[in-house]
Ligand SMILES: [Zn+2]
């Protein structure tokens, strides 16, 4: 792992993404189950929704919802870069183990961009993101897990597994 406190795997590097801006890319083959980003090692705090919303209002949207009223917020933005949060994909190759560890959901080949499904980390109904992931499973607009009704069956499976693991 590299970066502050080894939060990011040494097997990944930042590169230009065709999905959005910059993203994380595999520099070598990453095997299913391998950890790629450990947010618990980054400079963040677990905050209530109200406190997290205050950060969001100030332009800090580096947050991961871990329970109904608990959000991990990257309060020290010097510890991880925006791209360390990976881009969203409706057909992601990474998921979460526990609340804050991002792992490969299947083997990832060298050069592939690492993505996770943002609905895995956000259940609020107001969340909305226009998606350009290009996947055949693309939902168009990504909403919090409350909007599950419009998701594909495979996406629901991935998302619900992640949410259930936390309960
Ligand atoms: Zn999409």
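Numbering (my numbering), first residue to last: 21 to 187. Backbone N, C-alpha and C fix where the C-beta goes; we use that ideal spot for every residue, glycine too. Remember, predicted model here, so these are calculated numbers, not experimental data.
Residue of the options minimising C-alpha distance to residue i
i           : options           : result
residue 35  : 65, 26, 106       : 106
residue 68  : 58, 54, 90        : 90
residue 130 : 88, 33, 26        : 33
residue 26  : 54, 39, 94, 59    : 59
residue 74  : 138, 61, 95       : 95
residue 79  : 87, 102, 85, 62   : 102
residue 51  : 41, 64, 31        : 31
residue 97  : 64, 76, 136       : 64
residue 116 : 38, 155, 41, 135  : 135
residue 57  : 99, 139, 160, 153 : 99
residue 76  : 61, 88, 92, 87    : 92
Beta-carbon separation (whole angstroms), residue i vs residue j, contact threshold 8 Å
i           : j           : result
residue 110 : residue 149 : Their Cβ separation, rounded to whole angstroms, is 11 Å, which puts residue 110 and residue 149 out of contact at 8 Å.
residue 141 : residue 85  : 5 Å
residue 124 : residue 53  : 6 Å
residue 133 : residue 37  : 6 Å
residue 138 : residue 108 : 4 Å
Helix, strand or coil at residue i according to DSSP, with G and I counted as helix
i           : result
residue 83  : strand
residue 65  : strand
residue 127 : coil
residue 35  : strand
residue 89  : coil
residue 132 : coil
residue 118 : coil
residue 43  : strand
residue 71  : helix
residue 104 : helix
residue 139 : helix
residue 148 : strand
residue 77  : helix
Any non-hydrogen atom of ligand 2 closer than 7 Å to residue i Cβ
i          : result
residue 66 : Ligand 2 is not part of this structure, which contains only ligand 1.
Exercise. Going along the chain, which residues put their C-beta within less than 5 Å of some heavy atom in ligand 1?
Worked result: 110, 151, 153, 158
Exercise. Touch check for the segment 42–57 and the segment 67–81: three-plus C-beta pairs under 8 Å?
Worked result: no
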